[in-house]
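Presented below is the structure to which this report refers.
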Amino acid sequence: MSEIGPCDWCEEVLQPYLDRELSATEVAEVEHHLAACRWCEKRFKFETDLRRLVRQAVIEPMDAALKAKLAALRLEL
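Numbered as in my numbering, the sequence shown ends at 90 without a single skipped number.
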C-alpha cells in the first residue's frame, strides 16, 4: 500500500479491483482489507450491486411507448 490510509487506498483501487486489473499482490491486499474493514466491505458490496443492476438494465427491453417518446425527442433536435 502507499502512504495514504488503507481505506483511502482501497477506495482508489476498488474499480481496478472489480475490473480485474490489479496484480496478485494488490488483489490479496484488497481482499485482506475488505475482510477486516466493515465500511470498505459495504462500499464493495454497493459497487458490485450497482454493476449488477446496470448490467440488468442494459439487457431489459425498453418499453415501446418510451422508445417512441425518445425517438420523437431526437427528431425535434
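Cβ coordinates follow ideal geometry from the N, Cα and C atoms, glycine included.
Euclidean distance between Cα positions of residue i and residue j
i, j, result
"Leu73", "Lys80", "Checking the sequence, you will find Glu at residue 73 rather than Leu. If I take the Cα positions, the gap works out to 13 Å."
"Ala85", "Val71", "21 Å"
"Glu60", "Arg87", "32 Å"
"Arg51", "Ala41", "17 Å"
"Ala37", "Leu31", "13 Å"
Contact set for residue i: own chain, Cβ-Cβ below 7 Å, skip 5 residues either direction
i, result
"Cys53", "Cys20, Cys23, His46 and Leu47"
Neighbourhood of residue i by C-beta distance below 8 Å, restricted to the same chain and skipping five residues each side
i, result
"Leu35", "Val26, Pro29 and Val43"
"Ala78", "none"
Where the alpha helix (DSSP H) through residue i begins and ends
i, result
"Pro19", "Pro19 to Leu31"
"Asp62", "Arg51 to Ile72"
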